[in-house]
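Here the structure is laid out as structure tokens; the discussion comes afterwards.
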Amino acid sequence: MAERPLNLKRILKESRRLAARYRVFRGSSFRLKHVDPADTAEFTDEDKPRAKEALARGVQALAHLQEKLYAQDSWALLVVFQAMDAAGKDGAIKHVMSGVNPEGCQVYSFKAPSTEELDHDFLWRCAKALPERGRIGIFNRSYYEEVLVVRVHPELLQRQKLPRDLITKRIWKERCQDIRAFERHIARSGVAIVKFFLHLSKKEQKKRFLERLDLPEKNWKFSEADVREREYWNDYMNAYEDAIRRTATRYAPWYVVPADNKWFTRIIVATAIIDTLAALDLQFPKVTGEKKRELARARRSLLA
Ligand code: ATP
Ligand code: MG
Numbered sequence: 058m059a060e061r062p063l064n065l066k067r068i069l070k071e072s073r074r075l076a077a078r079y080r081v082f083r084g085s086s087f088r089l090k091h092v093d094p095a096d097t098a099e100f101t102d103e104d105k106p107r108a109k110e111a112l113a114r115g116v117q118a119l120a121h122l123q124e125k126l127y128a129q130d131s132w133a134l135l136v137v138f139q140a141m142d143a144a145g146k147d148g149a150i151k152h153v154m155s156g157v158n159p160e161g162c163q164v165y166s167f168k169a170p171s172t173e174e175l176d177h178d179f180l181w182r183c184a185k186a187l188p189e190r191g192r193i194g195i196f197n198r199s200y201y202e203e204v205l206v207v208r209v210h211p212e213l214l215q216r217q218k219l220p221r222d223l224i225t226k227r228i229w230k231e232r233c234q235d236i237r238a239f240e241r242h243i244a245r246s247g248v249a250i251v252k253f254f255l256h257l258s259k260k261e262q263k264k265r266f267l268e269r270l271d272l273p274e275k276n277w278k279f280s281e282a283d284v285r286e287r288e289y290w291n292d293y294m295n296a297y298e299d300a301i302r303r304t305a306t307r308y309a310p311w312y313v314v315p316a317d318n319k320w321f322t323r324i325i326v327a328t329a330i331i332d333t334l335a336a337l338d339l340q341f342p343k344v345t346g347e348k349k350r351e352l353a354r355a356r357r358s359l360l361a
């Protein structure tokens, strides 16, 4: 798409408004059923082209903010993605980050833990992957799996080699407390945190799975295991709701993003990231007197 001059102020204002609609920073009043996976805010289906343009402008704005983040080299940004299969995590990451300098952005995908990882506490592998100052770190799945898939499938917990006495029925609550404490700790050392739950309906998931079966170019994405997980849908929704209620905070808010329409999901993801970065008041480092003299010397020597 052709680059247009960027009205950053306007984009920031728009992002602020749209993002707020899906943000959860106080868990106690949150209910998953209050978010409709098919919601598209004020956009209708006819607005799709307008929505695509909005996303393109958002991507440009994001690139601009990331440049400042990188130059300032003080804050880092952690973006967590959680969702059921086929909710569009990968596509959202790919589209929203498409304008960002790859050097300033790292994506980590967390799969079932390795033997080495199981020999440590559950935050260990994620702590190692946190973004450095000036960078954006994206977690495609995260330590939240420890209160989601592990909660839905207790046999996974048995495999974690925890001392027996520590496995009680309070464990999910305790893990959420530990996650809050961990997030507060990294927030206090300069990691801004934004967490997404892409909220897909069971019906739309079925449609997307069928597409994976029907379209040869999507066959590779299909996995029988994903279909089996559908049987646990309600358990997952309960686990998500509980986790979000317990870990939504001012310093690490959740965004519960309607995910039945991919184009809409991407807009909300972009606006929420933009809004988070905008709140940091990023600045390019000031050019000091000494630096100015250095630049002047360089200019003279180049012209000589
Ligand atoms: P895609 O299917 O789009 O490639 P994905 O994120 O679903 O992406 P998969 O390799 O299909 O990737 O799945 C990763 C699996 O690892 C998921 O089923 C997830 O629940 C599981 N997983 C992630 N973290 C943990 C964990 N801490 N304990 C157990 N299982 C985990
Ligand atoms: Mg998968």
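Position in the sequence shown (from 1) plus 57 gives the number in my numbering. Positions of the beta carbon are idealized from the N, C-alpha and C atoms, including for glycine. Since the model is a prediction, treat every value here as computed from it, not as a measurement.
To which residues does DSSP link residue i through a beta bridge?
i, result
"S166", "N197"
"W311", "V81, K252"
"Q234", "BP columns for Q234 are empty, so no partner."
"F239", "DSSP output for F239 lists no bridge partner at all."
For a test of your reading of the model: does the CB of residue i fall under 7 Å from any non-hydrogen atom of the ligand MG? Yes or no.
i, result
"S280", "yes"
"D147", "no"
"D283", "yes"
Taking 7 Å as the cut-off, is the beta-carbon of residue i closer than that to any non-hydrogen atom of the ligand ATP?
i, result
"A184", "no"
"A169", "yes"
"D142", "yes"
"L219", "no"
"S72", "no"
"S166", "yes"
"V207", "yes"
"R198", "yes"
"L213", "yes"
"E203", "yes"
For the alpha helix (DSSP H) that residue i lies in, which residues bound it at each end?
i, result
"L75", "65-79"
"Q217", "Unbroken run through Q217: none, as it is neither H nor E."
"R269", "259-271"
"T172", "172-175"
"R303", "290-304"
"A336", "It is not in any alpha helix (DSSP H) - A336 carries neither H nor E in the DSSP assignment."
"E160", "That residue, E160, is in no alpha helix (DSSP H); it is neither H nor E in DSSP."
"R208", "206-209"
"E286", "281-286"
"R357", "346-360"
Between which two residues does the beta strand (DSSP E) harbouring residue i extend?
i, result
"V116", "Run containing V116: none in the beta strand (DSSP E); it sits in the alpha helix (DSSP H), 105-129."
"V137", "133-140"
Look at the Cβ atom of residue i, then the Cβ atom of residue j, and state whether they are nearer than 8 Å.
i, j, result
"M141", "Y293", "yes"
"I331", "A128", "no"
"F87", "A305", "yes"
"Y312", "V248", "no"
"N318", "T101", "no"
"R216", "L175", "yes"
"I195", "Y165", "yes"
"E240", "A309", "yes"
"K275", "E268", "yes"
"P188", "A244", "no"
Examine chain B for any beta-carbon lying closer than 8 Å to the beta-carbon of residue i, and answer yes or no.
i, result
"E189", "Among the protein chains of the structure shown there is no chain B, as only one such chain exists."
Sufficient close CB pairs (3 or more, under 8 Å) joining the region 321-340 to the region 248-266
yes
Between the region 343-355 and the region 122-136, can you find at least three pairs of beta-carbon atoms closer than 8 Å?
no
Examine the Cβ distances between the region 167-186 and the region 109-116 and report whether three or more of them are shorter than 8 Å.
no
Given 8 Å, three or more beta-carbon pairs between the region 231-248 and the region 199-207
yes
On the three-pair Cβ rule with 8 Å, is the region 131-150 touching the region 181-201?
yes
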